[in-house]
Amino acid sequence: MLAKLLGLCFLRQLEASEFPSLSGHPTATMSSKKIGLHVCGWTGCKFTRRAVDMANTLSVLYPTQYEATPHLTETRDQYRELLPQYRSAVPDDEAAQKHTSAPFVYSEEGGATTFVGGCDAAVDWARARLAPSAAAAAASSMVDDGFTKEHGFDYDVVVVGGGSGGLACSKECAKLGAKVAVLDFVKPSPAGSTWGLGGTCVNVGCIPKKLMHTASIIGETLKDDAAAFGWKDAAAGAHDWESMKSTVQDHIKSLNFKYRVALREAGITYLNRLGEFEDKNTISLTDKKGNKTSVTAARFIVAVGGRPNKLGCPGGEHAIDSDDLFSLPKAPGRVLCVGGGYIALECGGFTAGMGYPTTCMVRSILLRGFDRECVGKIEAHIKHHGVQLQVGVTPAKIEKDAATGVLTVTDSGGGVHEYDTVLVATGRYADTAALGIDNVPGASANVNAKTKKLECVDEQLPGAPHVYAIGDVVEGRPELTPVAIEAGLRLARRLFGGKTEPMDYECVATTIFTPLEYGTIGLSEDDAKAQLGECNVESYISEFAPLEYALSEARSERGDGCFAKLVVDKSTGKVVGFHYLGPNAGEITQGFSIAMRKGATYADFISTVGIHPTVAEEFTSMTVTKSSGESAAKGGC
């Protein structure tokens with residue numbers, strides 16, 4: 030994908046100004062020496078904004094060769110009213126006259142106008158224009174940060190943060206010949222939990238979460254399925270939290286050790302110290318005893334990630350968070366998970382699956398931002414799974430019994446309940462407060478006032494070009510471990526390997542490990558309709574029981590099953606949203622993500638031969654549309 034986010038500053042200017050509209054011949058004012066790119070659409074459309082970003086990037090990188098002209102309306106209906114006027118710029122192009130979605134993009138060169146197409150076609154047009162020789166120079170929007178091999182500092186680059194992104198980036202930089210240091214210091218959680226090298230994912234995130242989720246699945250299999258498959262006594266045992274916790278933590282400690290070995294073998298200096306910028310090229314280091322030193326570097330990469338939010342109500346200090354849960358020394362007992370996001374539902378799902386009575390307290394809605402139809406099915410399943418839901422309330426007060434340790438929670442609706450563990454999972458904040466970013470000239474302008482995250486262009490701080498950032502600390506990026514790793518690798522190759530390819534954040538696959546696992550790629554159905562127009566979107570759906578559940582009476586009574594959805598742009602046939610609910614969602618979604626990134630169409634899915642008998646093959650045979658009103662329930666293989 031072409032360089033992104035240069036257009037951010039342009040979009041802010043565009044949003045505050047009147048957009049040009051077409052009157053008479055729309056290209057009459059275009060310089061005959063420039064290639065013009067006209068982007069017609071409406072301001073709320075993601076694809077229009079992407080095309081505007083692309084056009085503005087071209088005009089900034091090559092101002093004497095390209096000129097970007099947006100023609101934007103405030104609403105989709107206004108855009109549709111003006112479509113005939115936009116089409117009049119290319120009256121002889123049949124495809125242009127049939128084009129209905131946003132954006133409508135056409136080019137002007139040498140007095141002639143040519144219809145380009147929609148967003149994807151516009152990006153392809155730009156790629157073709159810049160390939161091959163110019164593509165390398167224009168692929169990334171990074172500016173010169175002043176780096177020279179004779180910089181005179183202690184290191185070529187210091188990576189602040191030893192999580193997934195920081196470790197991947199630092200090792201790639203070292204591999205490419207850079208002199209690298211990694212800073213990593215774990216500040217204890219409010220409850221006192223600490224951990225080793227590797228960051229949130231390895232220590233208090235993805236790895237222990239998936240292991241404990243697996244423990245829950247095993248318990249569910251023993252209880253619901255084992256007898257049907259001939260294991261008559263399999264459900265006799267109870268869950269041993271202490272044993273599981275020890276095994277999980279042993280595995281994590283082995284990973285911590287391997288990371289330290291990997292850094293040493295790569296020739297990277299590992300500093301178990303807290304870093305804080307002193308000035309442009311100096312960062313102070315504080316060890317666990319409070320001793321201070323400092324190092325200098327020509328470049329810095331910030332990869333400090335985030336930490337869980339705290340409860341602000343009286344007694345909030347009695348709650349733990351996800352930094353504490355995975356090393357909790359004893360069984361959690363009766364659990365209250367506060368929050369409606371994926372962390373709260375994942376943790377609540379596996380504690381319930383292990384047999385611990387669990388309640389999730391949700392302020393408004395579950396899994397905001399995800400496909401609402403899929404979320405509705407997750408909500409129904411998690412209730413059947415044994416999780417109690419309290420929706421529309423928040424904790425107002427927590428009181429702890431000094432003798433028993435029991436926590437009495439009063440909610441905002443006046444309800445009073447007792448728990449043994451209260452887990453807060455209401456989101457995370459960027460861990461930048463003690464970073465000293467204000468001490469780097471120009472960098473403070475790139476700190477988001479609300480989230481405190483860093484606002485970057487291709488991982489680079491515009492106000493301080495020698496400072497870069499990757500992972501959860503970057504504003505507007507998916508908070509996902511593989512995203513941080515890939516962004517770190519590509520950044521290292523641009524900084525020290527002569528490469529120019531930026532990180533592509535579009536169409537990133539992810540999975541939520543709730544009891545009913547949810548894998549998703551691309552747009553939700555609602556977002557697709559908002560961006561493409563409701564009349565341009567069709568959804569293919571299927572509800573079915575996986576073969577693994579076929580013999581289980583318990584699952585049959587609960588209605589456990591799978592759900593599949595493909596959201597399709599009717600004008601192109603392209604699949605813009607992939608959604609799957611069911612077992613092994615991560616494995617299935619990962620495979621389809623390659624097809625989605627390559628722009629697979631509905632026809633591509635249907636023409637693929639499936640693997641039988643699997644749940645993934647359902648995506649190769651989906652024919653029921655939501656608009657048809659037909660039942661999506663499948664009766665057999």
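Residue numbers for the sequence shown follow my numbering, so the first one is 30 and each next one is one higher.
The beta-carbon is built from N, C-alpha and C at its ideal position, and this holds for glycine as well.
Residue environment, residue i, which counts as buried when at least 16 other CB atoms sit within 10 Å
i, result
"Ser473", "exposed"
"Cys389", "buried"
"Gly7", "Since the first residue of the chain shown is 30 and the last is 666, residue 7 is not available in this structure."
"Ser52", "Below a pLDDT of 50, predicted positions are generally treated as unreliable, and Ser52, at 33, falls in that range; no measurement from the model is reported."
"Gln683", "Residue numbering for the chain in the displayed model covers 30 to 666; residue 683 lies beyond these limits and cannot be assessed."
"Glu271", "exposed"
"Ala167", "Low per-residue confidence applies at Ala167: pLDDT is 39, beneath 50, and the placement is therefore not dependable, though the value from the model is reported in the following sentence. The residue is buried, with at least 16 neighbouring Cβ atoms inside 10 Å."
"Gln560", "buried"
"Gly590", "buried"
"Ile411", "buried"
"His100", "buried"
"Ser60", "With a pLDDT of 44 at Ser60, under the threshold of 50, the predicted position of this residue should be treated as unreliable, though the coordinate-derived value follows. Exposed: under 16 other Cβ atoms inside 10 Å."
"His280", "exposed"
"Thr549", "buried"
"Arg397", "exposed"
"Ala521", "buried"
"Glu408", "buried"
"Ser657", "exposed"
"Asn85", "buried"
"Ile640", "exposed"
"Arg336", "buried"
"Ala661", "buried"
"Lys274", "buried"
"Lys33", "Legend: pLDDT at Lys33 = 38, less than 50; position of this residue unreliable, value from coordinates given subsequently. With 16 or more Cβ atoms within 10 Å of its Cβ, Lys33 is classed as buried."
"Pro237", "buried"
Start-to-end residues for the alpha helix (DSSP H) that takes in residue i
i, result
"Ser193", "Ser193 to Lys204"
"Ala559", "Glu554 to Leu561"
"Leu374", "Tyr371 to Gly382"
"Val512", "Thr510 to Phe525"
"Asp233", "Note that residue 233 corresponds to Val in the displayed sequence, not to Asp. Element bounds for Val233: Gly228 to Val233."
"Cys403", "Arg401 to His413"
C-beta contact flag for residue i and residue j at 8 Å
i, j, result
"Val187", "Phe306", "no"
"Arg302", "Thr315", "yes"
"Val391", "Gln419", "yes"
"Thr618", "Tyr609", "yes"
"Val604", "Ser568", "no"
"Lys482", "Val502", "yes"
"Ala513", "Ala332", "yes"
"Ile570", "Lys594", "yes"
"Phe542", "Glu375", "yes"
"Lys426", "Phe573", "no"
"Ala234", "Gly500", "One point to set straight first is that residue 234 is Gly, not Ala, in the sequence displayed. Against a cut-off of 8 Å, the Cβ pair of Gly500 and Gly234 comes out as no contact."
CA nearest to the CA of residue i, picked from the options
i, options, result
"Lys287", "Phe607, Ser170, Lys204 and Leu196", "Leu196"
"Gln94", "Glu138, Met83 and Arg105", "Glu138"
"Lys75", "Val277, Phe144, Ile640 and Asp556", "Asp556"
"Pro424", "Gly415, Ser441, Ala409 and Leu436", "Ser441"
"Ser222", "Asp352, Lys252, Ser323 and Thr439", "Asp352"
"Glu563", "Tyr547, Ala155 and Ser553", "Ser553"
"Ala210", "Ser218, Val277, Pro237 and Arg289", "Arg289"
"Val416", "Leu545, Thr104 and Glu535", "Leu545"
"Tyr458", "Pro113, Lys339 and Val404", "Lys339"
"Val215", "Cys235, Gly192, Gly206 and Cys198", "Gly192"
"Phe176", "Ile635, Ala327 and Thr455", "Ala327"
"Pro361", "Val435, Cys485 and Ile394", "Val435"
"Asn475", "Thr437, Val68, Pro491 and Asn468", "Pro491"
"Asp174", "Asp185, Thr437, His495 and Pro386", "His495"
"Ala685", "Glu586, Ser313 and Glu530", "In the structure as shown, the chain begins at 30 and stops at 666. Residue 685 is therefore absent and cannot be evaluated."
"Ala493", "Lys309, Glu530 and Gly248", "Lys309"
Limits of the unbroken beta strand (DSSP E) element including residue i
i, result
"Thr311", "Thr311 to Thr315"
"Val188", "Tyr184 to Val189"
"His268", "Note, His268: premise wrong, no beta strand (DSSP E); not H, not E."
"Gly590", "Neither: Gly590 is in no beta strand (DSSP E) and is coded neither H nor E."
"Ile64", "Ile64 to Trp71"
"Lys568", "Sequence check: residue 568 is Ser here, not Lys. From DSSP, the beta strand (DSSP E) with Ser568 extends over Val566 to Phe573."
"Tyr299", "Thr298 to Leu300"
Measuring CB atoms only, is the stretch 167-184 touching the stretch 115-126, in the sense that at least three cross pairs come out at less than 8 Å? no
For the pair the stretch 172-183 and the stretch 277-297, tell me if three or more CB-CB distances fall below 8 Å. Flag = no, the stretch 172-183 and the stretch 277-297 do not touch.
Quick one: any contact between the stretch 346-354 and the stretch 449-468, if contact means 3 or more CB pairs under 8 Å? Between the stretch 346-354 and the stretch 449-468 there are three or more inter-stretch CB-CB distances shorter than 8 Å, so the stretches are counted as touching.
For the stretch 369-383 and the stretch 240-248, state whether three or more C-beta atom pairs, one from each stretch, are separated by less than 8 Å. yes
Tell me, please, whether the stretch 510-519 touches the stretch 193-211 by the rule of three or more beta-carbon pairs shorter than 8 Å. Note that the stretch 510-519 touches the stretch 193-211; at least 3 beta-carbon pairs, one per stretch, sit closer than 8 Å.
At a cut of 8 Å, does the stretch 223-233 reach the stretch 362-372 through at least three beta carbon pairs? no
With a threshold of 8 Å, are at least 3 pairs of Cβ atoms found where one atom belongs to the stretch 95-114 and the other to the stretch 73-87? yes
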